[in-house]
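One structure is given below, encoded as structure tokens.
2 protein chains.
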Amino acid sequence: MVLGLVANAGEATPYQLKQFAARSVGNFWTIQHAQLYTECERLAKAGLLDEEREEGGRRRRTYALTGAGREALDAWRATPATELGELRSPGLLQLFFGAEPGPLAAAQVESHAAKLAEYEELHAQAKDWLPDGQRLALEAGIAHEREWLKFWGALA
Amino acid sequence: MVLGLVANAGEATPYQLKQFAARSVGNFWTIQHAQLYTECERLAKAGLLDEEREEGGRRRRTYALTGAGREALDAWRATPATELGELRSPGLLQLFFGAEPGPLAAAQVESHAAKLAEYEELHAQAKDWLPDGQRLALEAGIAHEREWLKFWGALA
DNA sequence: ACCATACCGTCTAGTCTGGATTGTCAAACG
DNA sequence: CGTTTGACAATCCAGACTAGACGGTATGGT
Chain A
1 MVLGLVANAG EATPYQLKQF AARSVGNFWT IQHAQLYTEC ERLAKAGLLD EEREEGGRRR
61 RTYALTGAGR EALDAWRATP ATELGELRSP GLLQLFFGAE PGPLAAAQVE SHAAKLAEYE
121 ELHAQAKDWL PDGQRLALEA GIAHEREWLK FWGALA
Chain B
1 MVLGLVANAG EATPYQLKQF AARSVGNFWT IQHAQLYTEC ERLAKAGLLD EEREEGGRRR
61 RTYALTGAGR EALDAWRATP ATELGELRSP GLLQLFFGAE PGPLAAAQVE SHAAKLAEYE
121 ELHAQAKDWL PDGQRLALEA GIAHEREWLK FWGALA
């Protein structure tokens with residue numbers, strides 16, 4: 001994930017990666033922001049990222065892919081994942097354990113509707129210039145929010 | 001989640017909880033098996049579970065809800081979750097970062113089809129005697145596997 | 001000059017993860 | 001009958017991760 005983020009940015013500080021990730025890939029693959037700092041360090045130590053550090057002030061570290069980093073990323077991309085995603089849904093958990101469906105569904109509908117609106121707005125703005133993969137991932141997100149909305153809507 | 005599991009079982013050892021969880025609620029809320037042992041202990045210490053330990057042999061610990069445990073569970077059930085689920089999907093991650101859609105989609109279709117078949121078989125067998133919440137959660141799982149299949153299918 | 005606010009990185013305690021390890025038991029086998 | 005085997009069950013450990021607090025740094029406005 002981190003290699004992908006850096007590749008996508010060209011070069012970036014962990015903080016910038018965090019900002020970008022939070023709005024995009026974070027919707028289906030999250031890590032803690034603190035993790036980005038240690039992970040970049042680790043990848044730099046492993047020779048996959050190149051690290052440049054400011055001397056004064058905030059002493060930001062800026063990272064870019066090395067040749068080895070690009071190779072590792074390409075290798076990863078070329079090995080299609082067979083694993084299914086993991087879902088972690090508090091709402092479904094409550095439903096499973098016998099919560100009253102009505103109020104739960106109402107709460108979930110609201111949340112999912114908000115998320116869907118967010119995705120749709122982003123899609124409307126960005127669909128023409130987003131790289132294919134990113135656009136497709138966003139469209140997957142939209143389709144799934146719609147599906148959740150349908151599911152919870154039927155229960156409300 | 002653990003309170004729910006214990007309530008559902010009436011009384012059970014962590015090992016039994018693990019077995020049940022792996023086949024059911026584990027599909028949308030997972031924890032490590034080792035975690036069940038520590039969590040049950042913690043809940044017992046907090047007065048929410050009652051612990052009974054075998055003297056000889058495997059020294060199994062059997063847990064059951066206490067009054068306070070049932071109250072805590074009821075309170076949790078009565079507070080509808082507004083949080084959205086979190087998804088963690090390696091396939092989408094690769095797609096996002098520019099992997100070739102074709103082969104990736106093919107791999108994902110296969111995995112999702114298998115999962116869907118598993119869910120559908122379970123549904124066919126159990127739909128008549130499963131508690132409502134559990135059946136609904138299973139139906140949500142089925143709907144979502146179908147949706148994923150549609151998504152990746154269109155890309156393959 | 002000063003303040004408010006946003007930016008950015010680091011730290012810590014506690015929790016969780018993955019997997020190995022140790023031990024228990026019942027049934028099958030010679 | 002003693003032994004072996006494989007499933008059952010609990011525990012342990014090092015390392016990774018989490019949540020969020022904290023402490024500095026920059027910037028624009030007064």
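Chains as they are written, first to last, in the numbering used here: chain A, 1 to 156; chain B, 1 to 156.
Positions of the beta carbon are idealized from the N, C-alpha and C atoms, including for glycine.
Distance from the Cα of T13(B) is smallest, within the candidate group G141(B), Y63(B), K115(B), L95(B), for Y63(B). Bridge partners of L65(B) according to DSSP: L49(B). Within the same chain, no residue comes within 7 Å of A117(A) by CB-CB distance, once the 5 residues on both sides are set aside. Using a Cβ-Cβ distance cut-off of 8 Å, the stretch 71-88 of chain A and the stretch 83-95 of chain B are in contact, since at least three pairs of beta carbons, one from each stretch, lie closer than that value. Assigned with DSSP and collapsed to three states, E100(B) falls in coil, not helix or strand. E55(A) carries a coil assignment under DSSP once its states are collapsed to helix, strand and coil. For W129(B), no chain A residue has a C-beta closer than 7 Å to its own C-beta; the minimum C-beta separation is roughly 15 Å.
T62(B) does not reach chain A, its nearest Cβ partner there being about 20 Å away, counting only Cβ pairs nearer than 7 Å. Identification of residues in the stretch 2-32 of chain A having a C-beta nearer than 9 Å to some C-beta of chain B yields L3, G4, L5, A7, N8, S24, V25, N27, F28, W29, T30, given in sequence order. Annotated as distal: A46(B) and L36(B), with beta-carbon spacing of 9 Å or more.
The three-state reading of DSSP puts L87(B) in strand, counting E and B together. Taking 9 Å as the threshold, the shortest C-beta distance from L149(A) to chain B does not fall below it. Here K127(A) has R135 as same chain residues with Cβ atoms under 7 Å from its own Cβ, once five neighbours each way along the sequence are excluded. For W148(B), the closest alpha carbon among the candidates H33(B), S111(B), C40(B) is that of S111(B). It is roughly 12 Å from the alpha-carbon of G69(A) to the alpha-carbon of M1(A).
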